[in-house]
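Here is the structure we will look at, set down as structure tokens.
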Amino acid sequence: MIMTNHKAIIFDLDGVIVDTAKYHFIAWQEIARQLGINFTKMDNELLKGVSRVQSLEIILELGQKSLNQSEKDAILEAKNTHYLELISQMNKDEMLPGIKELLWDLKQSNIPFALGSASKNARRILEALNIADWFTAIVDGNDVSKAKPDPEVFLTAAKRLGKQPEHCIVVEDAQAGILAAKNAGMKAIGIGQPENLQQADMVLPDTKYLTINTFNEL
Ligand code: BG6
Ligand code: MG
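If you number the sequence shown the way our numbering does, the last residue is 978 and the count never jumps.
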């Protein structure tokens with residue numbers, strides 16, 4: 761079944777299109793280790809979808825540590841350098857299961873889609889994957905001032921798509937992202953474990969279950 765209405769899709773990047781969430785985790789875990797802070801995979805859920813600056817604040821709060829601004833700036837730079845090193849070898853094989861086919865199907869069906877990501881590295885990643893020009897709009901961490909769960913990133917994407925928020929469906933792997941979508945008045949599909957994605961309209965355990973027909977079910 762091909763969708764015939766006027767919906768548009770907004771995709772998160774890390775953990776939805778590409779498997780970079782694991783690299784963010786590795787890079788933050790190294791920073792936490794250097795700071796003597798215990799940082800688990802469960803703690804990492806709090807960082808998903810959250811900006812780089814805010815991620816560091818969360819880690820410092822977990823470790824009950826405070827740093828001055830120049831120390832924070834040095835850590836943010838070190839984290840990003842390590843992260844960029846980790847993703848430098850990334851290629852299209854690291855797209856999450858079924859995503860490339862799904863984006864291709866949407867494109868063939870003239871269903872517009874945008875990126876709505878907190879990452880300042882988003883465009884670089886989409887270009888490395890050779891899919892940047894498939895997107896009608898790319899809204900990333902360089903375009904917005906308020907981080908998810910604020911709806912700014914998705915509302916900006918809807919505007920650039922020329923769609924009303926109620927006609928947009930967001931695909932997200934992060935709690936903060938699902939909340940941002942709901943705060944924007946959009947439908948939200950969560951990818952991951954339901955306990956981490958409680959406000960989602962639908963949760964799928966893996967991107968491989970996401971097809972063009974999924975969007976008709978909302
Ligand atoms: C989000 C990730 O997509 O981007 C977060 O889920 C990350 O984990 C955030 O902190 C910012 O990314 P970057 O690439 O600008 O450090
Ligand atoms: Mg994500």
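Ideal placement from N, C-alpha and C gives every residue a C-beta, glycine not left out.
Euclidean distance between Cα positions of GLN959 and LEU836
30 Å
As assigned by DSSP and simplified to three states, the class of LYS906:
coil
Do ILE951 and PHE873 have their C-beta atoms closer together than 8 Å?
Not a contact, by the Cβ cut-off of 8 Å.
Using a threshold of 8 Å, state whether the C-beta atoms of SER811 and ALA907 are closer than that.
Going by beta carbons, SER811 and ALA907 fall inside the 8 Å limit.
Between the alpha carbons of GLU821 and ALA934, how many angstroms are there, rounded?
20 Å
Run through the region 869–929 for me and flag every whole beta strand (DSSP E) of 3 or more residues, listed as ranges in chain order.
873–876 and 897–899
Limits of the unbroken alpha helix (DSSP H) element including LEU822
812–822
Residues of its chain near LEU889, where Cβ-Cβ distance is below 7 Å and the 5 sequence neighbours each way are ignored:
VAL778, LYS852 and MET855
Thinking just about the alpha-carbon of each residue, which of LEU964, ALA948 and MET946 is nearest to the one in PRO954?
LEU964
Over what stretch of residues does the alpha helix (DSSP H) that includes MET802 continue unbroken?
801–804
Can you list, in chain order, the stretches of the beta strand (DSSP E) that have 3 or more residues and sit fully within the region 824–873?
Fully enclosed beta strand (DSSP E) runs of 3 or longer: not present.
Let's see if you can read the secondary structure: which residues bound the beta strand (DSSP E) around GLY950?
947–951
Own chain, CB closer than 7 Å to ILE797, minus 5 neighbours either side, in chain order:
ILE819, LEU822, GLY823 and LYS825
Closer than 7 Å: is that where the CB of ALA874 sits relative to any heavy atom of the ligand MG?
no
In this structure, how does DSSP classify ALA934 when only helix, strand and coil are distinguished?
coil
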